[in-house]
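In the working numbering, the protein residues as written are 41 to 119. Shown next, in structure tokens, is the structure this report addresses.
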Amino acid sequence: MKPTKQSLTTDDAIRNEANRVITALNHSNYPIEPIVAESVIESLVAIAEKLDLAIAKTLRVRLVAIRNNIHVNQIQQAA
């Protein structure tokens with residue numbers, strides 16, 4: 041099924057949620073604690089791995105960065 045404006049692939053939905061967490065982690069007015077971001081990303085990794093999605097690898101990299109207090113960038117959509 042080709043994604044339309046009204047539908048997202050599972051990969052897109054997981055990417056969007058991860059990006060919301062990353063945005064909140066880096067937000068100056070109301071940041072979330074890294075442990076909260078870590079927990080959410082861990083859950084998204086588990087879902088992505090269970091569904092065998094390509095985004096799982098990218099999420100694992102972001103998770104390692106969060107755990108090591110390294111700045112985390114947004115996840116870009118694959119071309």
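We put the CB at the ideal spot given by N, CA and C, even for glycine. What you are looking at is a predicted structure, and each value in this text was computed from that prediction instead of being measured.
Measuring alpha carbon to alpha carbon, tell me which of Q114, K97, I115 and N108 ends up nearest I75.
As a position in the sequence shown, residue 75 is number 35, starting the count at 1. Of the listed residues, the one whose Cα sits closest to I75 is N108.
CB-CB under 6 Å to L93, same chain, minus the five flanking residues each way: which ones, in chain order?
Numbered from 1 along the sequence shown, position 53 holds the residue referred to as residue 93. Cβ within range, chain order: D51.
Out of V85, A64 and T49, which has the shortest C-alpha to C-alpha gap to N113?
Indexing the sequence shown from 1 puts residue 113 at position 73. Checked all of V85, A64 and T49; the closest Cα to N113 is A64.
Answer with buried or exposed for L99, where buried requires no fewer than 16 other C-beta atoms within 10 angstroms of its C-beta.
Residue numbering aside, residue 99 sits at position 59 when the sequence shown is read from its first letter. When all chains shown are included, L99 counts as buried.
Cβ pair A88, A77 closer than 7 Å:
Numbered from its first residue, the sequence shown carries residue 88 at position 48. Numbered from its first residue, the sequence shown carries residue 77 at position 37. Contact flag unset, no.
Inter-residue Cα distance where the pair is R12 and P71
In the structure as shown, the chain begins at 41 and stops at 119. Residue 12 is therefore absent and cannot be evaluated.
Do the CB positions of L103 and I54 come within less than 7 Å of each other?
As a working note, residue 103 is residue 63 in the sequence shown. As a working note, residue 54 is residue 14 in the sequence shown. No, the pair does not count as a contact, with Cβ atoms beyond the cut-off.
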